[in-house]
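Everything on this sheet refers to the single structure shown next.
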Amino acid sequence: MARQIRIPVRSFGSEVGMPAVPELAEWLKGKRGVEADLTTYRLERSLDVQEGVAVPAAGGIFYGERLSGAFLGMEDGVLVGEPGIDPATVADDARFVRARRKDAWVALPAPQRLGFRDASIRDEEEFSETIADLYARLMREMRDQGVQGHVLVADVADAIELEVLAGRKVLFFPRNPGTFDLELLLEYQDTLVLPAAVLDRAPDLMDRFRVRKLVLLDAEGKDLAAAAAELADPDMLEAGGYCEDDCPDYWKSLVERAFIPR
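Numbering follows UniProt numbering, in which position 88 of the sequence shown is assigned residue number 88; successive positions increment by one, without gaps.
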């Protein structure tokens with residue numbers, strides 16, 4: 001049998017729907033003595049389905065409600081007072097995730113997805129910088145509790161968010177790469193994330209930008225083999241995933257396909 005080169009799988013998040021009341025009640029019985037609620041349940045479920053994933057990420061867009069509650073000076077998503085953060089609950093979540101898997105990242109909606117509006121600062125650029133700075137502080141609080149890094153699930157490439165937040169421990173995930181400004185993203189991030197179906201976009205982007213890691217979403221073995229043959233060494237490749245439904249089978253299948261025959 002020909003040897004295979006296994007390619008690590010990276011998670012960009014795993015969405016979890018609302019459980020039925022009996023299911024949640026049964027789950028809570030096993031959490032006596034632990035601070036736990038619906039968001040904690042969804043964090044745990046999002047992570048537990050990622051067996052075999054090399055770089056797991058708890059959370060997803062659903063975590064936005066919890067995150068929004070950590071911002072001070074807000075009323076119904078509008079900044080009306082002194083901006084600030086109360087990191088206590090997200091720090092608790094970080095410790096919970098760390099206890100489940102020591103290698104886990106956390107996936108959050110990028111700042112723009114929260115839809116915050118300004119009625120206090122009265123300057124759009126300063127407001128965006130303020131929110132991004134507060135985001136950075138919240139993420140540092142979570143990493144101080146043992147979270148390995150953060151995925152920011154983004155719909156648009158925002159220069160202020162990228163400048164303030166992109167880094168070694170913060171990876172922006174373009175949810176819709178077909179409409180996302182990948183050129184702007186790659187000015188700040190050296191990881192290129194592309195659906196395997198549009199691998200033909202990679203050569204031009206990799207020629208023009210310094211790309212250290214190529215992550216192919218929902219890749220088959222043949223996609224990874226083509227990338228390794230034409231674009232990057234296998235150690236530059238990852239198979240990426242972002243699960244919106246049917247997550248147990250999704251991750252299992254992705255891990256099984258993440259190899260290059262040789």
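Beta carbons are placed, not taken as given, at the ideal position from N, Cα and C, and that holds for glycine.
- [ ] Could you tell me the boundaries of the alpha helix (DSSP H) in which Thr39 lies?
- [x] 38-48
Task: Leu194 versus Gln4, Arg6, Arg3, Arg10, residue with shortest Cα-Cα distance - done: Looking at the Cα atoms, Arg10 is the closest of the given residues.
TODO: Measure the C-alpha to C-alpha separation of Glu230 and Pro177 and round it to an integer number of angstroms.
DONE: 21 angstroms
- [ ] Would you give the residue range spanned by the alpha helix (DSSP H) that Tyr250 belongs to?
- [x] If you look at Tyr250, you'll find it in the alpha helix (DSSP H) that goes 247-257.
TODO: Could you give the DSSP three-state label for Lys213: helix, strand or coil?
DONE: Secondary structure at Lys213: strand, using DSSP grouped into helix, strand and coil.
Open item on the list: Report the CB separation of Val170 from Met139 in whole angstroms; it is logged as a contact under 8 angstroms.
Closed with: 7 angstroms
- [ ] Can you tell me the Cβ-Cβ gap for Val153 and Arg175, rounded? I've got them flagged as a contact below 8 angstroms.
- [x] 6 angstroms
- [ ] Could you say if the region 79-99 and the region 38-55 meet the contact criterion of at least three C-beta pairs nearer than 8 angstroms?
- [x] yes
- [ ] Return the chain-ordered list of same chain residues with a C-beta closer than 6 angstroms to the C-beta of Pro8, the five sequence neighbours on each side being excluded.
- [x] Ala54, Glu238
TODO: For residue 266, count neighbouring Cβ atoms within 10 angstroms of its own Cβ and tell me buried if that reaches 16, exposed if not.
DONE: Only positions 1 to 262 of the chain appear in the structure, and residue 266 is not among them; the question remains open.
TODO: Look at the alpha carbon of Asp103 and the alpha carbon of Asp246, and state the distance between them as a whole number of angstroms.
DONE: 23 angstroms
Open item on the list: Is the separation between the beta-carbon of Pro261 and that of Gln4 shorter than 8 angstroms?
Closed with: yes
TODO: Identify, in the order they occur along the chain, each residue of the same chain with its Cβ nearer than 7 angstroms to the Cβ of Met1, setting aside the five sequence neighbours on each side.
DONE: Any reading at Met1 must be qualified, since the residue scores a pLDDT of 45, below 50, and its modelled position is unreliable; the value itself is stated next. The answer is none, since no qualifying residue turns up.
- [ ] Locate the beta strand (DSSP E) running through Met236, then write down its first and last residues.
- [x] Met236 -> no beta strand (DSSP E), and no H or E assigned at all.
Open item on the list: Which residue marks the beginning of the beta strand (DSSP E) containing Leu194, and which one marks its end?
Closed with: 191-195
Open item on the list: If I measure Cβ to Cβ from Ile160 and keep anything under 8 angstroms in the same chain, skipping five residues before and after, which residues do I get?
Closed with: The residues are Glu125, Ser128, Glu129, Ala132.
Open item on the list: Can you tell me whether Thr179 is buried or exposed? The criterion is at least 16 other CB atoms within 10 Å of its CB, across all chains shown.
Closed with: exposed
TODO: With DSSP as the reference, label Arg262 as helix, strand or coil.
DONE: The answer is coil: DSSP assigns Arg262 none of H, G, I, E or B.
Task: Residues that DSSP places opposite Gln4 in a beta bridge - done: Pro261
- [ ] Look up Leu79 in the DSSP assignment and give the residues it is bridged to.
- [x] Met74, Asp118
Task: Simplified DSSP state of Gly59, which is helix, strand or coil - done: DSSP places Gly59 in strand when its eight states are reduced to three.
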